[in-house]
Structure formats: C-alpha cells, structure tokens
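Here the structure comes first, spelled out in structure tokens, and everything after it is commentary.
Numbering (the working numbering), first residue to last: 271 to 517.
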C-alpha cells in the first residue's frame with residue numbers, strides 16, 4: 271500500500287525521499303527530524319533539506335516546540351492545492367502550445383500562376399529576380415533569346431547564380447566569371463528557375479517535329495517553399511559532369 275502511495279506521489283512531483291517523509295508524518299503524526307528519519311528510512315543527513323522542501327510547498331509544517339517537531343498538513347488541503355496548481359499548469363501549457371503551434375507552423379497554400387507568351391514571362395522573371403536576396407538557380411534546356419538578358423540582370427544584382435545545362439553557350443567572360451556553372455549530360459527542353467528556393471518559374475516552349483517553337487511559349491509560376499527545399503536537396507546531390515563547360 272505504502273509503495274503505491276509513494277509511486278502516486280512521485281507522479282505529483284515528489285521524489286522518493288519527499289514522498290516517504292510525507293507519508294511517515296501522515297501516518298505517525300508529529301515527530302522530530304530524527305524520528306522521521308528512522309521511520310521513513312530517509313538518511314538523517316538529508317532529512318532537514320527534505321523537510322525544508324516539503325514545507326516550502328505546504329506538504330508539512332514545523333511545530334514551535336523544543337526539540338523541533340514536524341507534522342503533515344491535512345491531506346485535503348495539500349491535495350486540493352496540488353490539484354489547483356496542476357490544473358493551472360495544464361491550462362497555461364495548453365495556451366502556450368496553441369500559441370507556439372501558430373507561430374512555428376502555418377498552413378501554406380501554394381500559389382500557381384499561368385503565364386502566356388514571352389512578354390508576361392520576362393516581366394515575371396525580372397520581377398522575381400529583383401526580389402531575390404541570395405540565390406538564383408536555373409536549369410536551361412533550350413537557348414532562349416531572353417536568357418542572355420536575364421543573366422546580365424542577375425549578374426548586376428550581385429547574387430549567387432547557379433546555371434545547370436547541357437548547352438554550349440557562348441557567354442561573355444565578365445558573365446562567366448560571376449556565375450557558377452554545372453554541366454549535365456541531359457536536361458529536358460524547358461527552362462526552370464528557382465528564386466531563393468521559394469518561387470519557381472518553369473517555361474515550356476511548344477514543339478513541332480522535334481523542333482522548339484520559341485515564339486509560342488508558356489510559363490508556370492509556383493510559390494511553394496516545401497517544394498523548393500526538396501528541389502534544393504536534389505540539386506545539391508546531383509553528380510555534375512565536371513568536364514570543361516564552356517569553350
């Protein structure tokens with residue numbers, strides 16, 4: 271019986287010695303520190319510290335006598351006080367968890383925008399480039415006329431530019447010196463650009479008999495950080511062909 275009570279008091283926050291001390295006083299009434307130590311099997315060297323902690327939390331009280339004696343506070347008072355404290359703690363914890371959940375996790379709906387023609391695509395590409403703070407990564411599968419203009423604007427922005435392509439592009443030296451270049455043996459015939467790994471613009475040219483019709487082009491803007499993080503991991507783990515990239 272006593273061991274079960276000790277276990278339950280442990281769940282309320284009392285340690286082994288505190289629980290045994292309290293139960294000894296509850297069962298035996300007023301006692302000196304020495305008597306408590308003997309009856310509870312709590313080392314005498316620890317008993318005063320244990321009693322001080324129990325007094326602080328209103329489990330026991332000190333009787334003004336000589337020698338000093340101690341007694342357990344009535345269980346109805348002690349348990350009610352503990353119950354109130356636990357309920358307040360749970361209420362506070364519930365509020366804090368809800369608040370933390372709101373700040374650490376936000377439901378995020380991806381934004382998707384369809385772009386028609388080079389005019390709308392180039393406008394959106396330039397707009398997102400101007401917002402970019404750190405990194406632009408481009409996977410280029412066809413040599414679009416607008417790419418050279420876009421690349422020059424990116425270099426002027428002084429941000430990290432990572433180019434992935436299989437194409438042999440003729441680019442000015444001042445541009446080559448300011449971008450990171452990686453060669454892949456195959457890239458699909460589309461142009462995909464990630465802006466800070468948060469927004470993605472994919473450009474799809476029309477095809478006829480295997481040839482690209484650059485004048486008929488469509489784009490897709492996707493805002494989804496989770497997808498961007500996934501794409502970033504994929505790119506970081508690609509085994510690029512380190513052969514000479516440009517002549």
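Think of the CB as a built atom: it goes at the ideal place given N, C-alpha and C, for glycine as much as any other residue.
Contact set for residue i: own chain, Cβ-Cβ below 6 Å, skip 5 residues either direction
{"i": "residue 281", "result": "none"}
{"i": "residue 411", "result": "457, 458, 459 and 460"}
Spatial distance of residue i from residue j (CA atoms)
{"i": "residue 441", "j": "residue 403", "result": "24 Å"}
{"i": "residue 464", "j": "residue 443", "result": "24 Å"}
{"i": "residue 407", "j": "residue 356", "result": "53 Å"}
{"i": "residue 388", "j": "residue 381", "result": "20 Å"}
{"i": "residue 296", "j": "residue 358", "result": "26 Å"}
{"i": "residue 516", "j": "residue 451", "result": "For residue 516, the pLDDT reaches just 41, beneath the cut-off of 50, and the residue's location in the model is therefore unreliable, although a value from the coordinates is still provided. Using only the alpha carbons, I get a separation of about 9 Å."}
{"i": "residue 423", "j": "residue 431", "result": "11 Å"}
{"i": "residue 274", "j": "residue 284", "result": "13 Å"}
{"i": "residue 369", "j": "residue 419", "result": "47 Å"}
{"i": "residue 339", "j": "residue 331", "result": "9 Å"}
{"i": "residue 491", "j": "residue 400", "result": "15 Å"}
{"i": "residue 397", "j": "residue 366", "result": "39 Å"}
{"i": "residue 343", "j": "residue 364", "result": "30 Å"}
{"i": "residue 446", "j": "residue 427", "result": "15 Å"}
{"i": "residue 354", "j": "residue 316", "result": "29 Å"}
Beta-carbon proximity list for residue i, same chain, < 7 Å, skipping 5 on both sides
{"i": "residue 466", "result": "402, 403, 404 and 405"}
{"i": "residue 348", "result": "328 and 329"}
{"i": "residue 513", "result": "Residue confidence is low: residue 513 scores 43 on pLDDT, short of 50, so the model does not pin down where it sits. Its coordinate-derived value is still stated next. These residues qualify, in order along the chain: 453."}
{"i": "residue 351", "result": "328"}
Beta-carbon proximity check, residue i vs residue j, cutoff 7 Å
{"i": "residue 288", "j": "residue 321", "result": "no"}
{"i": "residue 307", "j": "residue 314", "result": "yes"}
{"i": "residue 395", "j": "residue 449", "result": "no"}
{"i": "residue 309", "j": "residue 294", "result": "yes"}
{"i": "residue 417", "j": "residue 392", "result": "no"}
{"i": "residue 333", "j": "residue 305", "result": "no"}
Range of the contiguous beta strand (DSSP E) that encloses residue i
{"i": "residue 431", "result": "430-435"}
{"i": "residue 531", "result": "What the structure shows of the chain is the stretch from 271 to 517, and residue 531 is not part of that stretch, so it cannot be assessed."}
{"i": "residue 463", "result": "461-465"}
{"i": "residue 382", "result": "381-386"}
{"i": "residue 341", "result": "339-342"}
Residue i versus the options, residue with shortest Cα-Cα distance
{"i": "residue 487", "options": "420, 386 and 355", "result": "386"}
{"i": "residue 494", "options": "468, 473, 478 and 400", "result": "468"}
{"i": "residue 436", "options": "349, 409 and 296", "result": "409"}
{"i": "residue 453", "options": "419, 434 and 334", "result": "434"}
{"i": "residue 384", "options": "474, 312, 360 and 499", "result": "474"}
{"i": "residue 341", "options": "326, 476, 316 and 298", "result": "298"}
Within-7 Å CB hit, residue i to chain B
{"i": "residue 353", "result": "No chain B is present in this structure, which holds just one protein chain."}
Limits of the alpha helix (DSSP H) - the one that residue i falls within
{"i": "residue 300", "result": "Premise fails: residue 300 is in no alpha helix (DSSP H) and is neither H nor E."}
{"i": "residue 407", "result": "Not the alpha helix (DSSP H): residue 407 falls in the beta strand (DSSP E), residues 405-410."}
{"i": "residue 284", "result": "That residue, residue 284, is in no alpha helix (DSSP H); it is neither H nor E in DSSP."}
{"i": "residue 447", "result": "From DSSP, residue 447 is part of no alpha helix (DSSP H); its letter is neither H nor E."}
{"i": "residue 421", "result": "415-427"}
Cut-off 8 Å between Cβ atoms - residues of its own chain near residue i, not counting five sequence neighbours on either side
{"i": "residue 286", "result": "276 and 280"}
{"i": "residue 336", "result": "none"}
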